[in-house]
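Peer 1: Going line by line, the protein sequences match chains A and X.
Just so you know, we're using this note's numbering here: the first sequence kicks off at 60 and counts up by one.
Just so you know, we're using this note's numbering here: the second sequence kicks off at 2 and counts up by one.
The beta-carbon is built from N, C-alpha and C at its ideal position, and this holds for glycine as well.
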Amino acid sequence: MGKKILMKGNEAVAEAAIRAGCKYFFGYPITPQNEIPEYMSRELPKRGGVYLQAEAEFAAANMLYGAAGSGVRVMTSSSSPGISLMAEGISYMIGAQLPCVIVNMVRGGPGLGNIAPAQSDYMQAVKGMCHGDVHLIVLAPSSVQEAVDLMYDAFDMADLYRNPVLLLGDGMIGQMMEPVEFKESTNKNLPPKTWATTGTRNSPDGKRRIINSLSIEPEDLENLNIEIQKKYKTIVEKEIRYEEYKMSKDLDIIFASYGTTSRIVKYVIKKLEEEGIKAGLIRPITLWPFPEKIFENWAENSKAKFFLTVEMSAGQMIEDVKLSINGKKPVYFYGRTGGMVPEPKEIIDYAKSLLKK
Amino acid sequence: MHEEIIMAGFGGQGVMLLGKFISEAAMEEGKEVSWLPSYGPEMRGGTANCHVIVSDEPIASPIITESSILIAMNRPSLEKFEKTLKKDGILFMNSSIIDIEPSRKDIRVYKVPLNEIANRLGSQKIINMIMAGALIAVTKIVSLETMKNVFEENLTGSKAKFIDLNIKSMDEGINYIKNNYNI
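Written out as structure tokens, the structure reads:
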């Protein structure tokens, strides 16, 4: 670890990507993530990489596909509407089993929406990004340092599982400055990319490689699906991450929250504590795979009256919380939309009103 | 220590940079810090603000709902954010251009005529650093020495010539407080 420096989330994510070995960046500008392409355009060419501004987001996604096929580390970043435009290309990458890292600094929706922070793309990220039976590994940082650390892991996971990995932040994570420290590089031992199109002279068996996301024969396509689902099963077994904050058996309330909102919830928990109300937080760090078991365990082993999910959306992660808890406790929701950030007092008042029920 | 500071003004008055420099200095002194900007389609003459938290403890939410310190560089900022101040909170206001009195009576108020002082120094671009001096004189949130280091780290190359002016501006802010208030 180096010296602590004060850095904007967006710039820190870009720096982490370069240190993690990212060599190609393709993207198209959109607020509130513009500091990522800006930083990449300035720094990547100096450090042995290529920055290319695409003519649109769907072009960027297909440039990613091509570059990822050659086995180098590639990434793009965008914000909500831009990610929607990339969806087709992302499905192709999953079909062709190509690694890449995508950053979504979410802004208020729907449509062009606005540029304020939001968490309204949860469903898109973890369930409905694109066509086909697909998943992205979805990582949700709650601080600039965590965003940096997760970027290294994102590149490693993408290579290990040959699947796109999505870092799901929001406008606030992108825009705020916090102290960060950078590791020099990733250190995982990863399998060689023998599938990459590096030319017959470079391939171990001297044969050409074909990267394709089209399998006309249903049998072939089913086999591909089986292979992909097997991979997803391994990811579910190995990669689930979460944080438990002030969790214990004798709580009154268990909060569920991720990313920026989880920080507001931590403040809420401290305030409730001052009033004698005991609350804890389960913060999923991987949104897919979702930490189902930890929710189920606490639903079974805690005296808490209910779960309260807090999001900057109309209620999206709450569905995964409910599925995990499977009716063992009531699950309530508090959220704001359109780029509005929930204030601690609103959450505190709502939590207290539920306790009186 | 735990200070939650809202810094607000017109775009171009340098509140974002003021927040960044204070955050950086506090970080160098081993504090936990966060700097959260208002962002958007803003421009010179529009409004801008940032939330800066400096604390001995890890920072939960970077969003300030109750501030301990407010720096108001113009009248709209005072009107908008005065209500966020805690009881006994500290208000620094740019008395050169704010032509109203604060409505709160339960806060400490420091009026600094930033633009007049800046005129004397020959540059309007450094009103933010005059305010930094006032802030440091009253709250000791960071040391003068660390701020000087921050200037040196940030103002390099063609900007290095501005280091002295920034230090001088900060000193002027400190002197103004010392000469006009009992601290």
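(1) Restricting to Cα atoms, I'd like to know which of A:E351, A:S201, A:T245 and A:A155 is closest to A:S272.
(2) Residues in the same chain with beta-carbon distance under 6 Å from X:F22, minus the five sequence neighbours each way, listed in chain order, please.
(3) According to DSSP, X:I91 sits in a beta bridge with which residue or residues?
(4) On the CB-based measure, 16 or more other CB atoms within 10 Å of its CB, does A:G345 come out buried or exposed?
(5) Using the Cβ count rule (16 or more neighbours within 10 Å means buried), how would you classify A:E332?
(6) Looking at the structure shown, is A:Y110 part of a helix, part of a strand, or coil, going by DSSP?
(7) For A:R342, does the three-state DSSP call read helix, strand or coil?
(8) Give the interface partners of X:M2 over in chain A, defined as CB-CB distance under 9 Å, in chain order.
(9) Looking at C-alpha atoms only, which residue of A:P91, A:Y110, A:K105 and A:L157 is the closest neighbour of A:S139?
(10) Can you list, in chain order, the residues of the stretch 404-416 of chain A whose Cβ is nearer than 9 Å to any Cβ on chain X?
(11) Three-state secondary structure (DSSP) at X:T48?
(12) Please decide whether X:L37 counts as near chain A, where near means a Cβ-Cβ distance under 8 Å.
(13) Going along the chain, which residues of the stretch 82-105 of chain X sit with their C-beta nearer than 7 Å to a C-beta in chain A?
(14) In the DSSP assignment, the alpha helix (DSSP H) including A:A146 goes from what residue to what residue?
(15) Sort out for me which residues DSSP pairs A:L225 with in a bridge.
(16) Hey, A:K63 and A:P238 are a contact pair by Cβ (cut 8 Å); roughly how many whole angstroms apart?
(17) Can you pull the chain A neighbours of X:Y40, defined as C-beta to C-beta under 8 Å?
(18) For A:G318 and X:L37, what's the separation of their Cα atoms in angstroms?
(19) Under the rule that 16 or more other beta-carbon atoms within 10 Å means buried, what is A:E115, buried or exposed?
(20) Please list the terminal residues of the continuous beta strand (DSSP E) segment that includes X:W36.
(21) Can you tell me which of A:N121, A:V369, A:P403 and A:R395 puts its alpha carbon nearest to the alpha carbon of A:F84?
(22) Which residues, taken in chain order from the stretch 17-29 of chain X, show a beta carbon closer than 8 Å to some beta carbon of chain A?
(23) Output the residue ranges of the beta strand (DSSP E) runs that lie fully inside the stretch 309-361 of chain A and measure 3 residues or longer, sorted by chain position.
(24) Along the stretch 45-60 of chain X, what residues have a CB closer than 7 Å to any CB found in chain A?
(25) Three or more beta-carbon pairs under 8 Å between the stretch 195-204 of chain A and the stretch 215-235 of chain A, yes or no?
(26) Check each candidate in A:S307, A:S262 and A:L103 and name the one with the smallest Cα separation from A:K362.
(27) Flag X:S68 as yes if its beta-carbon sits less than 8 Å from any beta-carbon of chain B, otherwise no.
(28) Indicate whether A:I328 and A:F314 have their beta-carbon atoms separated by less than 8 Å.
(29) With 7 Å as the C-beta to C-beta threshold (strictly closer), list the residues of the stretch 303-320 of chain A near chain X in chain order.
(30) Tell whether a beta-carbon distance below 8 Å holds between A:A217 and A:P158.
(31) Please classify A:L414: is it buried, with 16 or more other beta-carbons within 10 angstroms of its beta-carbon, or exposed?
(32) Rounding to the nearest angstrom, what Cα-Cα distance links A:Y110 and A:L103 in this structure?
(33) May I ask you to report which of helix, strand or coil DSSP gives A:K252?
(34) What residue range does the beta strand (DSSP E) around A:V390 cover?
(35) Quick one: what's A:P238 bridged to in DSSP?
Peer 2: Let's see:
(1) A:A155
(2) V151
(3) X:I70 and X:R109
(4) Sequence inspection shows Thr at residue 345 of chain A; the Gly mentioned does not correspond to that position. With 16 or more Cβ atoms within 10 Å of its Cβ, A:T345 is classed as buried.
(5) exposed
(6) strand
(7) strand
(8) Under the 9 Å cutoff, chain A gives no residues; its nearest Cβ is about 16 Å from X:M2.
(9) A:P91
(10) K404
(11) strand
(12) yes
(13) none
(14) S139 to G154
(15) A:I161 and A:V197
(16) 4 Å
(17) T90, P91, I174, G230 and Q234
(18) 15 Å
(19) As written in the sequence, residue 115 of chain A is Ala, which differs from the Glu given in the question. Result: exposed.
(20) E33 to P38
(21) A:N121
(22) K21, S24, E25 and M28
(23) 312-315, 338-343 and 345-347
(24) none
(25) yes
(26) A:S307
(27) Annotation note: the requested chain B is absent from the structure, which comprises protein chains A and X.
(28) yes
(29) none
(30) yes
(31) exposed
(32) 6 Å
(33) coil
(34) V390 to G394
(35) A:L65
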